[in-house]
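S.K.:
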Amino acid sequence: EYTLNVKDLTKTYNAGKPGEVRVLQGVSLAVKPGEVVGLVAPSGAGKSTLLHIAGLLDSADSGSVAIAGTDMTKLSDRKRTAVRRDTVGFIYQFHHLLPEFSALENIVIPQLANGVSDTAAQARALDLLDRVGIADRASHRPAALSGGEQQRVAFCRALANEPALLLADEPTGNLDPDTSDQVFDALMGLVRDTGLAAVIATHNLALAARMDRQVRLTAGVLEMI
Ligand code: ADP
Ligand code: ADP
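Heads up, the sequence shown is in the UniProt record's numbering, so the first residue is 3 and it goes up one at a time.
1) Could you tell me the distance, in whole angstroms, from the CA atom of residue 228 to the CA atom of residue 181?
2) Looking at ligand 1, does it come within less than 8 angstroms of residue 7, judged from the CB to the closest heavy atom?
3) Who are the near neighbours of residue 23 in its chain, counting only those whose CB is closer than 7 angstroms to its CB and skipping five residues on each side?
4) Would you please state the rounded distance, in angstroms, between the beta carbons of residue 127 and residue 162? I believe it to be under 8 angstroms.
5) Mind checking whether the beta-carbon of residue 47 lies closer than 8 angstroms to any heavy atom of ligand 1?
6) For a quick check, are the C-beta atoms of residue 56 and residue 201 less than 9 angstroms apart?
7) Apart from the five residues just before and just after residue 2, which ones in its own chain have a Cβ nearer than 8 angstroms to its Cβ?
8) Using only the alpha-carbon positions, how far apart do residue 222 and residue 211 sit?
9) Inspect the beta-carbon positions of residue 194 and residue 38 and report whether they are closer than 9 angstroms.
10) Does DSSP put residue 7 in a helix, a strand or coil?
11) Consult DSSP for residue 203 and reduce its assignment to one of helix, strand or coil.
12) Which residue wins for smallest C-alpha separation from residue 157, given the options 48, 35, 108 and 102?
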């Protein structure tokens, strides 16, 4: 059974109007548990659109998205939101951490929202921070952390509720090359430890080459590379 199975997705913005963009024109992608897929795409090719649809943040015009064997296109919006919270972790180019809370709290809060006890949530948050090498930064607010540290916290937050699927959109895209490599190592370590299925979009071909396989999105379709 696939963790993520998207079939024949199509998506057009501004259909029939000036500025029509046919972003996805029959995109299919299946990702097994534990498999890490690199998504390579030139800017504007539709990678954010694809990740948003796969992660149930947006819907396609046609096609289907199944997560852990369940066809999401058949669920109500409310059910879909619940599945997204339980099973999908997102990472973006910018961390989107809550500025008034500490690194630890940023990882604890989504767990509390999911019904985890405060003690268990704190223990898990600390363990995650430890695994990405910044347990000593737990009490710092985001503004007191370096860019690489902020992204590491965002990775921990994305994994806080033990999702089955991780979707990452240029997770190290705003870091300088040296920091980017180290932070990427931390992310891959976490992903491999947890056995997550992941789709990681990157412009960096050297990083993409470290994943289990790579796909390229161009002209609305995916090709294997
Ligand atoms: P990428 O992440 O690969 O840069 P996006 O998925 O963000 O690409 O966008 C793909 C194309 O669709 C771009 O041309 C973008 O301008 C356009 N686009 C994205 N979102 C919208 C939207 N909400 N309305 C209209 N056009 C959009
Ligand atoms: P990123 O590539 O970092 O995900 P973008 O700048 O492509 O971010 O898009 C940010 C948001 O703006 C997304 O929600 C996307 O759908 C929307 N968007 C992108 N391009 C357009 C566009 N041409 N018109 C309207 N909305 C857009």
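The C-beta atom is built at its ideal place from N, Cα and C for all residues, glycine as well.
M.R.: So, from the listed chains and residues:
1) Outside the displayed range of the chain (3 to 227) lies residue 228, so it cannot be described from this structure.
2) By 1-based counting over the sequence shown, the position of residue 7 is 5. No - ligand 1 has no heavy atom lying nearer than 8 angstroms to the Cβ of residue 7.
3) Within the sequence shown, residue 23 is the residue found at index 21, counting from 1. So the qualifying residues of the chain are 14, 15 and 16.
4) Taking the sequence shown and counting its residues from 1, the one referred to as residue 127 is at position 125. Taking the sequence shown and counting its residues from 1, the one referred to as residue 162 is at position 160. Rounded, the Cβ-Cβ distance is 7 angstroms, consistent with contact.
5) Locating residue 47 in the sequence shown gives position 45, counting from the first residue. Residue 47 Cβ: within cutoff of ligand 1.
6) Residue mapping note: residue 56 aligns to position 54 of the sequence shown, counting from 1. Residue mapping note: residue 201 aligns to position 199 of the sequence shown, counting from 1. Yes; because the gap between Cβ atoms is below 9 angstroms, this pair is in contact.
7) Nothing about residue 2 can be reported from this structure: the residues present for the chain run from 3 to 227 only.
8) Translated into the one-based positions of the sequence shown, residue 222 becomes position 220. Translated into the one-based positions of the sequence shown, residue 211 becomes position 209. Cα-Cα distance, rounded: 22 angstroms.
9) On the sequence shown, residue 194 is found 192 positions in, with the first residue counted as 1. On the sequence shown, residue 38 is found 36 positions in, with the first residue counted as 1. Yes, these two residues count as a Cβ contact at 9 angstroms.
10) In the sequence shown, counting from the first residue as 1, residue 7 sits at position 5. Residue 7 falls in the strand class under three-state DSSP.
11) Reading the sequence shown from its first residue, position 201 is the one you call residue 203. Correct three-state label for residue 203: strand.
12) By 1-based counting over the sequence shown, the position of residue 157 is 155. Minimum Cα distance to residue 157 is reached at 108.
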